[in-house]
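Q: Here it is, the structure, as structure tokens.
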């Protein structure tokens, strides 16, 4: 049986949700799934341009930044790229979490213009931001503790210590810091998105960082947008065996006993409320289980209802390439395999425009 987001209607007001139930669910995800994100401040956070070039006959300005962080004598950093319309101030920012840059052979989800189509994004008046978060937390069980982990040694021990997903989400929030400080965009007009494992990080980032105005999950599957209980394809045992560094150590203890996990992923999606949420799947991606992603998106709508907003409309799982939803949660199941494609962005961008414009 799925855990009830609203505790069988005990939570029936926005105030009770925000002051009681939401913090309770957040703590459970920290303790049992992603690990606890450090809240201690950094001693230094700065981003500097290292390279500038113009693309598309000068229509798009590309700036590469290096984001430097320091704490207690330790330092680390990573690059992110900003694609902006060459003329005028952007109407918003689309931040794509990218943990694939070190090893593109490892499930890299498509070419750059599929994964981060800056031509489409800038044409809509937004800046596109591509953050190479694996530079400070490698997607490698042997060395993921090198970099960001070393800045917070007090967070290194214990079964609830954060894993790579949590560190990538933290890195994305530091990019948000810089985008706001450098006056690229206003708080609340930032989208966070990710594909596959980065989709898990995007959801966790969006849940924690309420400066983010809209959240997108692309084929995030197990421990992302898909309900865990009754899921086909990848399970907790699979993901914690193959990628033991992604989540906290507590999570692996629920292998083959998902029913005992205090939370499930529909509750993670609900933490994004009342901000707009887009969940997308791929029809041939049985490992992620599109039907369970749809189910989670549908169930998350209960919390949106508390705010008077419409969740995911429609009761029936949609056919491929038929987007559903006109409210604050939308969903589509793209025809094809695991990954991020231009078709996905052609659905995301009107959704963003509808809510940001």
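In our numbering, the protein residues as written are 884 to 1240.
The C-beta atom is built at its ideal place from N, Cα and C for all residues, glycine as well.
So residue 1123 and residue 916 are supposed to be a Cβ contact under 8 Å. How far apart are they, rounded?
A: Within the chain shown, the letter at position 240 stands for residue 1123. Within the chain shown, the letter at position 33 stands for residue 916. That belief does not hold up - the Cβ atoms of residue 1123 and residue 916 are roughly 11 Å apart, past 8 Å.
Q: Roughly how far, in whole angstroms, is the beta-carbon of residue 981 from the beta-carbon of residue 951, given that I think they are within contact range, below 8 Å?
A: For the purposes of this step, residue 981 is taken as residue 98 along the chain shown, with counting starting at 1. For the purposes of this step, residue 951 is taken as residue 68 along the chain shown, with counting starting at 1. No, residue 981 and residue 951 are not in contact; Cβ-Cβ is about 18 Å, not under 8 Å.
Q: To test your reading of the DSSP string, which unbroken beta strand (DSSP E) runs of 3 or more residues are found completely within the segment 1111-1198?
A: Qualifying beta strand (DSSP E) stretches, in chain order: 1160-1165.
Q: Under 6 Å Cβ to Cβ from residue 1176, same chain only, skipping five residues before and after it: list those, please.
A: As a first step, residue 1176 is located in the chain shown; it is residue number 293 there, counting from the start. Correct list, in chain order: 1108, 1109, 1162, 1164.
Q: Could you tell me whether the Cβ atoms of residue 1005 and residue 943 are closer together than 9 Å?
A: In the chain shown, residue 1005 corresponds to position 122, counting from 1. In the chain shown, residue 943 corresponds to position 60, counting from 1. Cβ atoms of residue 1005 and residue 943: closer than 9 Å.
Q: Among 961, 924, 1183, 1226, which residue has its Cα nearest to the Cα of residue 1204?
A: Sequence index remark: in the chain shown, residue 1204 carries index 321 (1-based). Closest by alpha carbon: 1226.
Q: Within 10 Å of its beta-carbon, does residue 1208 have 16 or more other beta-carbons around it, so buried, or fewer, so exposed?
A: Position 325 of the chain shown holds residue 1208. Classification for residue 1208: buried.
Q: Look up residue 1235 in the DSSP assignment and say whether it is helix, strand or coil.
A: In the chain shown, residue 1235 corresponds to position 352, counting from 1. Residue 1235 falls in the helix class under three-state DSSP.
Q: For residue 905, does the count of other Cβ atoms within 10 angstroms reach 16, so buried, or fall short, so exposed?
A: Residue 905 sits at position 22 when you count from the first residue of the chain shown. Looking at its Cβ environment, which holds 16 or more other Cβ atoms inside 10 Å, residue 905 is buried.
Q: Helix or strand or just coil, what does DSSP make of residue 1023?
A: Within the chain shown, residue 1023 is the residue found at index 140, counting from 1. In this structure, residue 1023 counts as coil in the three-state DSSP scheme.
Q: Put residue 1000 into one of helix, strand or coil per three-state DSSP.
A: Start at 1 with the first residue of the chain shown, and residue 1000 comes out as number 117. Looking at residue 1000 - three-state DSSP - the assignment turns out to be coil, as it is neither helix nor strand.
Q: If you compare alpha carbons, which of 922, 1236, 969, 1111 is closest to residue 938?
A: Position 55 of the chain shown holds residue 938. Closest option to residue 938, Cα to Cα, is 969.
Q: When you compare each of 1159, 1200, 1224, 1219 to residue 1234 by their alpha carbons, which one comes out closest?
A: Reading the chain shown from its first residue, position 351 is the one you call residue 1234. That would be 1159, whose Cα lies nearest to the Cα of residue 1234.
Q: For residue 1036, report the span of its beta strand (DSSP E) as first-last.
A: Within the chain shown, the letter at position 153 stands for residue 1036. Run containing residue 1036: none; DSSP gives neither H nor E here.
Q: CB residue 1088 to CB residue 1047, shorter than 9 Å?
A: By one-based count along the chain shown, residue 1088 stands at place 205. By one-based count along the chain shown, residue 1047 stands at place 164. Not in contact: residue 1088 and residue 1047 (Cβ atoms no closer than 9 Å).
Q: Taking just the CA atoms, how far does residue 1041 sit from residue 1128?
A: What you label residue 1128 is simply residue 245 of the chain shown in a count that begins at 1. What you label residue 1041 is simply residue 158 of the chain shown in a count that begins at 1. When rounded, the distance between both Cα atoms is 13 Å.
Q: Confirm, please, whether the CB-CB distance from residue 1009 to residue 974 is below 9 Å.
A: On the chain shown, residue 974 is found 91 positions in, with the first residue counted as 1. On the chain shown, residue 1009 is found 126 positions in, with the first residue counted as 1. Yes, they are a contact pair.
Q: Between the Cα of residue 914 and the Cα atoms of 928, 1049, 1093, 898, which residue gives the shortest distance?
A: For the purposes of this step, residue 914 is taken as the residue at position 31 of the chain shown. The option with the nearest alpha carbon to residue 914 is 1049.
Q: Please state whether DSSP places residue 954 in a helix, a strand or coil.
A: For the purposes of this step, residue 954 is identified with residue 71 of the chain shown, where counting begins at 1. Reduced to three states, the DSSP call for residue 954 is strand.
Q: Check this for me: beta carbons of residue 1011 and residue 967, under 9 Å apart or not?
A: One-based indexing of the chain shown puts residue 1011 at position 128. One-based indexing of the chain shown puts residue 967 at position 84. Contact flag set, yes.
Q: With a threshold of 16 other CB atoms inside 10 Å of the CB of residue 1140, please say whether the residue is buried or exposed.
A: If you number the chain shown from 1, residue 1140 lands on position 257. With fewer than 16 Cβ atoms within 10 Å of its Cβ, residue 1140 is classed as exposed.
Q: Can you tell me which of the three DSSP states residue 949 falls into?
A: As a position in the chain shown, residue 949 is number 66, starting the count at 1. Strand.
Q: Alpha helix (DSSP H) containing residue 907: first to last residue?
A: As a position in the chain shown, residue 907 is number 24, starting the count at 1. Unbroken alpha helix (DSSP H) run through residue 907: 905-912.
Q: Return the residue from the list 1199, 1219, 1194 that minimises the CA-CA distance to residue 1210.
A: Working through the chain shown from its first residue, we reach residue 1210 at position 327. Answer by Cα proximity: 1194.
Q: Can you grab the Cα-Cα spacing for the pair residue 990 / residue 1035, in whole Å?
A: Numbered from 1 along the chain shown, position 107 holds the residue referred to as residue 990. Numbered from 1 along the chain shown, position 152 holds the residue referred to as residue 1035. Residue placement at residue 990 is poorly supported in this model, since its pLDDT is 39, which falls under 50; the coordinates are not used for a value here.
Q: How is the alpha helix (DSSP H) around residue 1064 delimited, first residue to last?
A: Here residue 1064 is taken as the residue at index 181 of the chain shown, counted from 1. Residue 1064 -> alpha helix (DSSP H) spans 1047-1064.
Q: In chain order, what residues of the same chain lie with their CB nearer than 8 Å to the CB of residue 1169, ignoring the 5 residues before and after it?
A: What you label residue 1169 is simply residue 286 of the chain shown in a count that begins at 1. Hits under 8 Å: 1115, 1116.
Q: Answer yes or no: do residue 978 and residue 897 have a C-beta to C-beta separation smaller than 9 Å?
A: Taking the chain shown and counting its residues from 1, one reaches residue 978 at position 95. Taking the chain shown and counting its residues from 1, one reaches residue 897 at position 14. No, these two residues do not count as a Cβ contact at 9 Å.
Q: Cα-Cα, which of 1206, 960, 887, 1218 is closest to residue 1061?
A: Counting from 1 along the chain shown, the entry for residue 1061 is found at position 178. Measuring from the Cα of residue 1061, the nearest candidate turns out to be 960.
Q: Need the endpoints of the alpha helix (DSSP H) that residue 1094 sits in, please.
A: Counting from 1 along the chain shown, the entry for residue 1094 is found at position 211. Careful: residue 1094 lies outside any alpha helix (DSSP H) and carries neither H nor E.
Q: Are the beta-carbon atoms of residue 946 and residue 965 separated by less than 9 Å?
A: The count along the chain shown starts at 1 and reaches residue 946 at position 63. The count along the chain shown starts at 1 and reaches residue 965 at position 82. Cβ atoms of residue 946 and residue 965: closer than 9 Å.
Q: Rounding to the nearest angstrom, what Cα-Cα distance links residue 1043 and residue 1201 in this structure?
A: For the purposes of this step, residue 1043 is identified with residue 160 of the chain shown, where counting begins at 1. For the purposes of this step, residue 1201 is identified with residue 318 of the chain shown, where counting begins at 1. If I take the Cα positions, the gap works out to 37 Å.
Q: Count the other CB atoms within 10 Å of the CB of residue 1030; is the residue buried (16 or more) or exposed (fewer)?
A: Walking along the chain shown from the start, residue 1030 turns up at place 147. Buried: at least 16 other Cβ atoms inside 10 Å.
Q: Please classify residue 1091: is it buried, with 16 or more other beta-carbons within 10 angstroms of its beta-carbon, or exposed?
A: Along the chain shown, read from residue 1 onward, the residue named residue 1091 stands at position 208. Burial call: buried.
Q: Do the CB positions of residue 1099 and residue 1111 come within less than 9 Å of each other?
A: On the chain shown, position 216 is the one that residue 1099 refers to. On the chain shown, position 228 is the one that residue 1111 refers to. Against a cut-off of 9 Å, the Cβ pair of residue 1111 and residue 1099 comes out as no contact.
Q: What number of angstroms, rounded off, separates the C-alpha of residue 890 from the C-alpha of residue 1219?
A: If you number the chain shown from 1, residue 890 lands on position 7. If you number the chain shown from 1, residue 1219 lands on position 336. Cα to Cα, the separation comes out at about 37 Å.
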